[in-house]
Every structure is written in C-alpha cells, then in structure tokens.
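Here the structure is laid out as structure tokens; the discussion comes afterwards.
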Amino acid sequence: MCELPLVLMADDDTDNWVLAKDAFEVSGAPVMMNFVEDGIELLNYLSTCGTPPALILLDLNMPRKDGLEALKEVKSVPSLQDIPIAVLTTSREKDDFIKCREAGANSFISKPASFSEWIKLMRSLADTWLVTEY
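Count along the sequence shown starting at 1, add 96, and that's the number in this note's numbering.
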C-alpha cells in the first residue's frame, strides 16, 4: 500500500485550509494535508517532520514570519531545497513575483476566487508536482 503524498499548507486563513483540502478531494487527487499558520510554524514543522512534504503551498502575507522570509529559509537548507513550493497569494505585485522567483519558488499563483477555480488549481498542482494515480 502506498502512502498518499503529503501537501503542507502555510496560511494564516483557516478558510483557505478548508478550500484547499476540499478542492483536492473533489478534484480526485488523493493527498494528505497538514497545515501551519505562519512561517515560524512552517520551519518548525520541517525541522521536526520525519518525511518532508511532497509540496508546500505558501501564503505570502502571514504574521510573525511572512512567506517570503520562510521561502528563503527553506531553500537555504540543502535537505529541503528540492521540495516544490507554490506561493498562493492575493498579491498581484510584480515585485512579489520577482522576489519569490529569486528566492526559489516553483510557482506564483493568485488565490482562486471561486471553489471551482480552487478545484482546477489543486488538480493542476497535483498533476504538476505530485506523483499520484487517480
């Protein structure tokens, strides 16, 4: 029996946790999800987890340590550098996009406005970054 790929979502808005989890389920992409509320929790999780996640969904605007700072720290750790990180944000600032790309983000995506868009996005992320059979 194969374990499902783990997706770790760092976002201070728990409504987005529910949307992402439900969208993965509806899309037919089987994943396990864990959630953290900010960059500090993300880094703590990654330093204590046994198996790193297959994908990180990262919000930019979070309290304590924002997504960009957390992204830079994750990508500075050799054992974590290969984890794909998709930045999901409400920001449409070109400067944010550039900074995230320079820091090593694999994707920079505007948060969906509707649940049907969440479903399409989660399916696309699964198809791109996760090795799954569904």
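We treat Cβ as the ideally placed atom computed from N, Cα and C, and that holds for glycine.
Only residues of its own chain outside the window of five on either side were considered, and among them Lys161, Ala166, Glu169 and Val170 have a CB closer than 8 Å to the CB of leucine 139, listed in chain order.
Separation of lysine 216 and alanine 116 (C-alpha to C-alpha, rounded to the nearest whole angstrom) is 11 Å. For valine 132, the uninterrupted beta strand (DSSP E) run begins and ends at 128-132, by DSSP.
A direct Cα-Cα distance of roughly 6 Å separates leucine 100 from methionine 128.
Assigned with DSSP and collapsed to three states, threonine 186 falls in coil, not helix or strand.
Taking the Cβ atoms as the reference, alanine 106 lies roughly 7 Å from glycine 135, within the contact range of under 8 Å. Residues Lys171 of the same chain have their beta carbon placed closer than 6 Å to that of glycine 200, with the five preceding and five following residues left out of the count. Rounded to the nearest whole angstrom, the CA to CA distance from alanine 209 to lysine 190 is 20 Å. For methionine 105, no alpha helix (DSSP H) segment is defined; the enclosing uninterrupted segment is the beta strand (DSSP E) at 102-106.
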